[in-house]
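End of the sequence shown = 240 in the numbering used here, gap-free, step of one.
Have a look at the structure below, then the notes.
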Amino acid sequence: MTTHPTDPHRDQPILTAGVPLDQARAAVIMLHGRGSTAQDILSLSAYFDQEGAALVFIAPQAADNRWYPNRFMTALEGNQPDLDSALAVIADLLSRLEGEGIPPERVVLLGFSQGACLATEFAARNARRYGGVVGLSGGLIGPDGTPRDYPGALGGTPVFLGCSDVDPHIPVERVRETADVLVRLGGAVTLRLYPGLDHTIVPDEIAAVQAMLDAI
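Pasting the structure below:
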């Protein structure tokens, strides 16, 4: 697989599950975490009730199994050009889906860990009405004090943020800040902090995402 030095995630594999794209009425873009794979995050689709649902799940693969090299709270320039390349992957997928008759209003952006950081950052930078935004153990990217004066409006987009209150990788203060920013952008935000858990996904989060998919 060819890697472009200034656009490392371009032309990486994209995996799918659910119904074929030409039969889908809604989509979930699934973004894996650091050190993980598209197949890993795509396996999460098996936990969602798809009976009678015309849903396609789409999972892009990051080059070198990570969307950006450094921690998500380091200086933004330290994660370039990988971060811009990762954000472009999501934009390209949304454009492709719209071309197939699936507008952003019927697309859920879902990520875990580094993928959750990417999903929430993309939604904030490109605020508009989506089918939903799901950040599982993640938050907005950049160091403390990063300006959060994003343009646009989420227009009531359902947003679910779930994280342990003692996650070793995601400070709880950043999760709360992310919730506040997305509320200011017009998102209908649900924030759930789970006491004492590790960096993981729990059944309550699966149920919350299922409810979001049912609404679409």
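A virtual CB, placed ideally from N, CA and C, is assigned to each residue, including glycine.
In three-state DSSP terms, what is residue 214?
strand
Just to confirm my understanding: we take residue 73, look at its own chain, exclude 5 residues before and 5 after, and list those with CB closer than 7 Å. What are they?
234
Quick one: using the 10 Å Cβ neighbour count with 16 as the cut-off for buried, is residue 109 buried or exposed?
Result: buried.
Tell whether a beta-carbon distance below 7 Å holds between residue 184 and residue 224.
In this structure, residue 184 keeps its C-beta atom at 7 Å or more from the C-beta atom of residue 224.
Using 8 Å as the cut-off, can you tell me whether the segment 81 to 100 makes contact with the segment 51 to 61, which would need three or more C-beta pairs spanning the two stretches below that distance?
Put simply, the segment 81 to 100 touches the segment 51 to 61. At least three CB pairs are less than 8 Å apart.
Coil, strand or helix - residue 202 by DSSP:
helix
Kindly indicate the opening and closing residues of the beta strand (DSSP E) around residue 184.
182 to 188
Since residue 162 and residue 137 should fall inside the 8 Å C-beta cutoff, what is the C-beta to C-beta distance between them, to a whole number of angstroms?
Your pair residue 162 and residue 137 checks out as a contact, with CB atoms roughly 6 Å apart and the cut at 8 Å.
Can you list, in chain order, the residues of its chain with a C-beta nearer than 6 Å to that of residue 216? Leave out the 5 residues immediately preceding and following it.
Cβ within range, chain order: 186.
Out of 139, 140 and 119, which has the shortest C-alpha to C-alpha gap to residue 130?
Out of 139, 140 and 119, 119 has the C-alpha closest to the C-alpha of residue 130.
Taking residue 177 as the reference, give the member of 194, 150 and 68 with the closest Cα.
150
Cutting at 6 Å between CB atoms, please list the residues of its own chain near residue 105, excluding the five before and the five after it.
30
Look up residue 53 in the DSSP assignment and give the residues it is bridged to.
82 and 133
What residue range does the beta strand (DSSP E) around residue 39 cover?
That run of the beta strand (DSSP E) goes 38 to 42.
Taking its Cβ as the centre, do 16 or more other Cβ atoms sit within 10 Å of residue 94, making it buried, or is it exposed?
Within a 10 Å sphere around the beta-carbon of residue 94 sit fewer than 16 other beta-carbons, which makes this residue exposed.
Which first and last residues belong to the beta strand (DSSP E) in which residue 123 is found?
Residue 123 -> not in any beta strand (DSSP E); alpha helix (DSSP H) instead, spanning 106 to 123.
Going by DSSP, what residues sit across from residue 31 in a beta bridge?
28
Tell me the DSSP secondary structure of residue 45 in three-state form.
helix
Anticipated Cβ contact below 8 Å, residue 51 with residue 82, distance rounded
6 Å
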